[in-house]
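The sequence shown begins at 5 in our numbering and counts up one residue at a time.
Just so you know, even glycine gets a beta-carbon here, dropped at the ideal spot from N, CA and C.
All remarks here apply to the structure that follows.
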Amino acid sequence: MTFYARLVGWGKYLPKKVVTNDDLAKIVDTSDEWIVSHTGIRERRVVADDETTVDMAFHASQEALKVAGLAAKDLDLIILATSSPDYQVPSGASVLQGRFGAKRAAAFDLRAGCSGFIYGLATASQFIATGTYRNALVVGAEIISKFMDWTDRRTCVLFGDGAGAVVLQASREPCGVLSFDLGSDGENYDALYIPAGGSAHPFDQEALDKKLHRIRMDGKRILRFAAKIIGPTAKAAVAGSSLHPDEIDLLIPQQSSARFIEYASRRLHFPLEKIFVNVDHYANTSAASVPIALCEAFEQGRIREGDNVLLISFGAGLTWASAVVSTGVSREMPIAVDWPLARFFENVREVVEVVSSTAASALSALLLPFFTRNDRR
Numbered sequence: 005m006t007f008y009a010r011l012v013g014w015g016k017y018l019p020k021k022v023v024t025n026d027d028l029a030k031i032v033d034t035s036d037e038w039i040v041s042h043t044g045i046r047e048r049r050v051v052a053d054d055e056t057t058v059d060m061a062f063h064a065s066q067e068a069l070k071v072a073g074l075a076a077k078d079l080d081l082i083i084l085a086t087s088s089p090d091y092q093v094p095s096g097a098s099v100l101q102g103r104f105g106a107k108r109a110a111a112f113d114l115r116a117g118c119s120g121f122i123y124g125l126a127t128a129s130q131f132i133a134t135g136t137y138r139n140a141l142v143v144g145a146e147i148i149s150k151f152m153d154w155t156d157r158r159t160c161v162l163f164g165d166g167a168g169a170v171v172l173q174a175s176r177e178p179c180g181v182l183s184f185d186l187g188s189d190g191e192n193y194d195a196l197y198i199p200a201g202g203s204a205h206p207f208d209q210e211a212l213d214k215k216l217h218r219i220r221m222d223g224k225r226i227l228r229f230a231a232k233i234i235g236p237t238a239k240a241a242v243a244g245s246s247l248h249p250d251e252i253d254l255l256i257p258q259q260s261s262a263r264f265i266e267y268a269s270r271r272l273h274f275p276l277e278k279i280f281v282n283v284d285h286y287a288n289t290s291a292a293s294v295p296i297a298l299c300e301a302f303e304q305g306r307i308r309e310g311d312n313v314l315l316i317s318f319g320a321g322l323t324w325a326s327a328v329v330s331t332g333v334s335r336e337m338p339i340a341v342d343w344p345l346a347r348f349f350e351n352v353r354e355v356v357e358v359v360s361s362t363a364a365s366a367l368s369a370l371l372l373p374f375f376t377r378n379d380r381r
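Laid out in structure tokens, this is it:
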């Protein structure tokens, strides 16, 4: 039996610190008028010095679980979409899992730039569709400010920090993630990247001196790429959902700039009043952009029971992603039967934990005299 990944919870987190265009005008050669006219951005959020990506992901996930009426122990899967993890090793998802105490959940990071959240949505939906997992948490969280060259006026005005999260739950009814379209143009990977810090160029004094650990972006190349793919990926996602374009109730695009969103409206023949925009408040929060906007659309009543929402994103990689989500708001009653695969693995896991614990205790008791004897020698 095929299951559908129903959206049952959503949440967001924005840092408290607000950086306005006037604030930026004090440190780089720009102005509020120029930024607003070219991007539509008026302000963005920036984390405190002691805040991390996992901190933001945790707060957003708490909200999402509360809306879903679930506890962390109910989660089977955690996917964290981010390009700014707390550490290179381990994954931010594992750190998040540990903070939640979600002991039975598989956890991993997904790195696909701004498109990461929709990539994560598509990945989680496949685990649910096959009956492997029932409850999945997908988070998009990003700290751009700590990797930004704040003297580069071409990039520092465009980005902000934040996190958004959703909970997906198995359902027999055709709802939730109906379709998706994913892609990448890896030949242009260097249109948006951080040159140093990876295995190609580990962080060193040269990286520090030349600011190679900061974001480098070719804005014109990215815009040409985005303009090229937005039409085909939107068409592919809608076609895959078996819906007519007129049945799409709301479009949530990557919040890159107001000017590009206006272009998308014309390119897709989709009215601006049916497009959700919050780039003016938060700028581009990369992998967090779409889930933050999705959460706010729910909070503002822009999404109602059973609405069909088209999500579109593009970014570093260069990647693109789109998905159609049918957003049933009320939760379905838990599935009590026909869950043999998940139940089987849960029973096996419990048996393994008991056997492992017993075996470890027995082995410890058996070896203790030998270690004690060696100490006495």
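Rounded Cβ spacing between residue i and residue j (contact assumed at less than 8 Å)
i	j	result
Ser326	Ala241	4 Å
Ser65	Ala169	5 Å
Asn312	Leu255	Asn312 to Leu255, Cβ: 10 Å. No contact.
Asp153	Arg218	4 Å
Ser129	Leu172	7 Å
Phe112	Val142	About 11 Å separates the two Cβ atoms, so there is no contact after all.
Glu300	Lys16	7 Å
Ser260	Asn288	5 Å
Leu125	Ala61	Actually they are not in contact, since the Cβ atoms of Leu125 and Ala61 sit about 15 Å apart, beyond 8 Å.
Among the options, nearest to residue i - alpha-carbon criterion
i	options	result
Ser290	Lys30, Gly187, Ala128, Ala85	Ala85
Glu309	Glu303, Ser330, Gly319, Trp324	Ser330
Leu182	Asn139, Leu196, Thr127, Ala287	Thr127
Asp27	Tyr91, Phe112, Val161	Val161
Pro178	Ile132, Leu69, Lys16, Asn288	Ile132
Phe151	Arg138, Phe207, Thr134, Arg108	Phe207
Ser149	Ser35, Val23, Ala110, Lys30	Val23
Ala76	Gly102, Pro249, Phe274	Gly102
Ala195	Glu37, Phe318, Ser35	Phe318
Ala3	Ser98, Lys16, Leu314	Past the edges of the chain, shown from 5 to 381, lies residue 3, and the structure says nothing about it.
Leu227	Arg108, Phe104, Ile265	Ile265
Gln92	Phe104, Leu74, Leu114	Leu114
His273	Tyr286, Asp250, Lys214	Asp250
Ala243	Gly305, Val328, Asn282, Gln209	Val328
Short Cβ contact (8 Å threshold) for residue i with residue j
i	j	result
Ile234	Ile296	no
Gly180	Arg48	no
Ile83	Asp284	no
Leu322	Phe229	yes
Asp253	Pro19	no
Ala231	Tyr267	yes
Tyr197	Arg220	yes
Ala140	His63	no
Val71	Trp14	yes
Gln258	Ser203	no
Leu186	Tyr137	no
Asn25	Val12	no
Leu79	Ala106	yes
Ala110	Leu81	yes
Per-residue burial, residue i [other beta carbons within 10 Å of its own, 16 or more giving buried]
i	result
Glu55	buried
Arg271	exposed
Arg158	exposed
Leu212	exposed
Thr155	exposed
Gly96	buried
Thr6	exposed
Ser87	buried
Pro89	buried
Leu276	exposed
Ala52	exposed
Ser35	exposed
Ile147	buried
Gly190	exposed
Ile307	buried
Gly403	The requested residue 403 is not part of the displayed model; the chain covers only 5 to 381.
Gly144	buried
Thr43	buried
Host beta strand (DSSP E) of residue i (start-end)
i	result
Arg48	47-50
Ser317	311-319
Pro257	254-257
Phe3	Outside the modelled stretch of the chain, which goes from 5 to 381, sits residue 3, for which no answer is possible.
Phe280	Taken as a continuous stretch (DSSP letters only), Phe280 belongs to no beta strand (DSSP E), as it is neither H nor E.
Ser175	166-175
Glu146	139-146
Ser326	323-331
Ile83	81-85
Arg10	8-17
Limits of the unbroken alpha helix (DSSP H) element including residue i
i	result
Phe121	120-133
Leu100	96-104
Asp59	57-72
Gln209	209-213
Arg225	223-245
Ser41	36-43
Asp26	25-29
Val294	293-303
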